[in-house]
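**Q** All residue numbers for the sequence shown refer to the working numbering, where the first residue is 7 and numbers rise by one. Ideal Cβ placement from N, Cα and C applies to all residues, glycine included.
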Amino acid sequence: MTQTFTTQHLSPDAIAQLVQYLPDYIKVALQEKSTELECSLEATIEMAISNFLDEEALSFEADGVTKQAEMLAM
């Protein structure tokens with residue numbers, strides 16, 4: 007059976023709920039990475055999860071971030 011996903015991105019509310027349970031050092035690291043990449047916390051967390059699930063999905067390198075940022079903007 008093929009699973010269909012209707013939600014393409016995490017909502018800001020979902021991110022806020024997730025982040026409140028993270029250890030402080032992870033919160034700081036995610037915020038620093040968001041600032042470095044000049045993207046939202048939501049996008050940074052989505053990229054981190056995508057990278058964990060599929061190493062070829064994206065990278066935090068400049069070209070991977072550009073491609074992922076374009077996809078997240080859709």
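(1) Counting C-beta neighbours from all protein chains within 10 Å, is the total for alanine 22 16 or more, i.e. buried, or is it exposed?
(2) Quick test of your reading: histidine 15 and glutamate 52, contact by CB under 8 Å. State the CB separation rounded to the nearest angstrom.
(3) Exposed or buried, which one is threonine 50 when buried takes at least 16 other CB atoms within 10 Å?
(4) Counting along the chain, where does the alpha helix (DSSP H) carrying glutamate 61 start and finish?
(5) What does a CB cutoff of less than 8 Å around leucine 36 pick up in its chain, not counting 5 residues either side in sequence?
**A** In this structure, then:
(1) Reading the sequence shown from its first residue, position 16 is the one you call residue 22. Taking a 10 Å sphere around the C-beta of alanine 22, we find fewer than 16 other C-beta atoms and assign the residue as exposed.
(2) Here the question's residue 15 lines up with position 9 in the sequence shown. Here the question's residue 52 lines up with position 46 in the sequence shown. With a Cβ gap of about 6 Å, histidine 15 and glutamate 52 count as contacting.
(3) By 1-based counting over the sequence shown, the position of residue 50 is 44. So threonine 50 ends up on the buried side.
(4) Along the sequence shown, one-based indexing puts residue 61 at 55. No alpha helix (DSSP H) contains glutamate 61, which DSSP labels as neither H nor E.
(5) Locating residue 36 in the sequence shown gives position 30, where the first residue counts as 1. Excluding residues within five positions, the ones whose Cβ falls inside 8 Å are Val25, Leu28, Leu47, Thr50, Ile51 and Ala54.
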